[in-house]
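K.L.:
Handing you this structure, nothing more for now.
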Amino acid sequence: MKKYFEIAKITFKAELAYRFDVIIGILLSVCRIILSFILWSALFKSKDTIAGFSFNMMITYYIVISFLSKLDMSESIVNQLSNEIRQGKFSKYLVQPVKPLWYFISSTCAKTVFTFCISGAVTTVFALIFKKYLSFNTSLPIALAALCINILGLIFLMLLNYFIGILSFKFYDIGALNIIKNNIFEFITGTFIPLSLFPIWVQSSMKLFPFYYIYYYPAAIIVTGDKQSVLSAITILICWNLFMLVTIKITYKELRKRYEGVGI
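And the structure:
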């Protein structure tokens, strides 16, 4: 465990050196919030509520979900794994006393902690600017439940991106697959629009999968205060995380045989 903590510590220091990239990403999220504010201001002129959200609740939702979505730093796992497998650099993980999966999880966790600090500060300032438009209906237990669910969701994303990354053992270029995944991900996690805007039957189907709970559900319960499905959300995410761990173990064992240590 100590060696993975050291990996996380080294990664955190590296993030401090290259913090400009993180800040740019956060500023882009701020731009998205501003554009969302303009869009929903126009849509709410003729309506008091849309899909159960008032205007203030909608703005609060976008601020919260922008903060939560910025915590996912696992996207780099796909690109790093893919490049290192193709270039034959993956061998370094095979000769070091570390497991590749836990190496990348440790590194990603450090990036997430760093982003949490920066993004948290920016979100707080932004919330103060828009405080008259904010509408929170939450308590400490609900906030802790939302945090727990979001952490489980972030773990799932780490596992998913690691799984996509190790597919490079078999496929030379997984860039297209990753792009498709990212575009679909924008919709099914609620970062683009709240999932409550979808038909009921679509929402019911999505509740069986982890994507519904990664960003949308934590943001929704913070805004609405509805905590009826918290236990089921936690259970579903734990089950999917276990499923991904087993899938990764089986896939890695099979595809690892294709790796020759000189790139593919």
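Residue numbers (the UniProt record's numbering): 1 to 264. We put the beta carbon where it would ideally sit given N, CA and C, even for glycine.
With a threshold of 8 Å on Cβ separation, who are the neighbours of F156 within its own chain once the five nearest residues in sequence on each side are excluded?
P.N.:
Hits under 8 Å: P210, I214, L237, W240, N241 and M244.
K.L.:
Grab the span of the alpha helix (DSSP H) containing Y212 for me, first residue to last.
P.N.:
Segment F211 to I214, the alpha helix (DSSP H) holding Y212.
K.L.:
Could you give the distance in angstroms between the alpha-carbon of I85 and the alpha-carbon of T247?
P.N.:
Straight-line Cα distance between these residues: approximately 19 Å.
K.L.:
Kindly indicate which three-state DSSP category S119 falls into: helix, strand or coil?
P.N.:
Note: S119 maps to helix in three-state DSSP.
K.L.:
Would you report the Cα separation of I264 and N83, rounded to the nearest angstrom?
P.N.:
Only weak support is given to the placement of I264: the predicted model assigns it a pLDDT of 48, under 50, and the value that follows is read from those uncertain coordinates. Their Cα atoms are separated by approximately 10 Å.
K.L.:
Measuring straight from C-alpha to C-alpha, what distance separates K2 and T11?
P.N.:
Distance between the alpha carbons of K2 and T11 is about 14 Å.
K.L.:
Closest to K227 by C-alpha separation, out of P141, F90 and D72, would be which residue?
P.N.:
Of the candidates P141, F90 and D72, the one whose C-alpha sits nearest the C-alpha of K227 is P141.
K.L.:
What does DSSP give as the partner residue(s) for T49 in the beta ladder?
P.N.:
In DSSP, T49 forms a bridge with S54.
K.L.:
Candidates C148, Y61 and S74: which alpha carbon is nearest L231's?
P.N.:
Cα-wise, what sits closest to L231 is C148.
K.L.:
Kindly confirm or deny that the region 250 to 259 and the region 156 to 173 touch, where touching means at least three C-beta pairs closer than 8 Å.
P.N.:
Counting Cβ pairs under 8 Å, three or more are found: they touch.
K.L.:
Can you list, in chain order, the residues of its chain whose CB lies under 7 Å from that of K257, leaving out five sequence neighbours each side?
P.N.:
So no residue of the chain qualifies.
K.L.:
Excluding sequence positions up to five away, which residues of its chain have a Cβ less than 7 Å from the Cβ of residue 266?
P.N.:
This structure cannot settle anything about residue 266, because the visible part of the chain is limited to 1 through 264.
K.L.:
Kindly list the residues whose CB is nearer than 6 Å to the CB of residue 341, restricted to its own chain and excluding five residues on each side of it in sequence; keep chain order.
P.N.:
Here the chain covers residues 1 to 264 and nothing more, so residue 341 does not appear.
K.L.:
Going by the CB atoms, is the gap between W40 and I63 shorter than 9 Å?
P.N.:
No, the pair does not count as a contact, with Cβ atoms beyond the cut-off.
K.L.:
What did DSSP end up calling V95 once you bin it into helix, strand or coil?
P.N.:
DSSP places V95 in helix when its eight states are reduced to three.
K.L.:
Excluding sequence positions up to five away, which residues of its chain have a Cβ less than 7 Å from the Cβ of E186?
P.N.:
Hits under 7 Å: F192.
K.L.:
Using a 10 Å radius around the Cβ and a threshold of 16 neighbouring Cβ atoms, would you call E15 buried or exposed?
P.N.:
Per the 10 Å Cβ criterion, buried.
K.L.:
Which stretch, first to last residue, makes up the alpha helix (DSSP H) that contains I10?
P.N.:
I10 -> alpha helix (DSSP H) spans K2 to A17.
K.L.:
Select from I179, G190, N150 and F198 the residue whose C-alpha is nearest the C-alpha of T235.
P.N.:
Closest by alpha carbon: N150.
K.L.:
Is the beta carbon of A219 closer than 9 Å to that of residue 284?
P.N.:
Shown here, the chain extends from 1 to 264; a query on residue 284 therefore has no answer.
K.L.:
Any idea what DSSP makes of L152, helix, strand or coil?
P.N.:
Three-state DSSP puts L152 in a helix.
K.L.:
At the level of alpha carbons, what is the spacing between A143 and I222?
P.N.:
Cα-Cα distance, rounded: 6 Å.
K.L.:
Would you list, in sequence order, the uninterrupted alpha helix (DSSP H) runs of no fewer than 4 residues that lie entirely inside the region 136 to 185?
P.N.:
DSSP runs (the alpha helix (DSSP H)) wholly in the region 136 to 185: 140 to 166.
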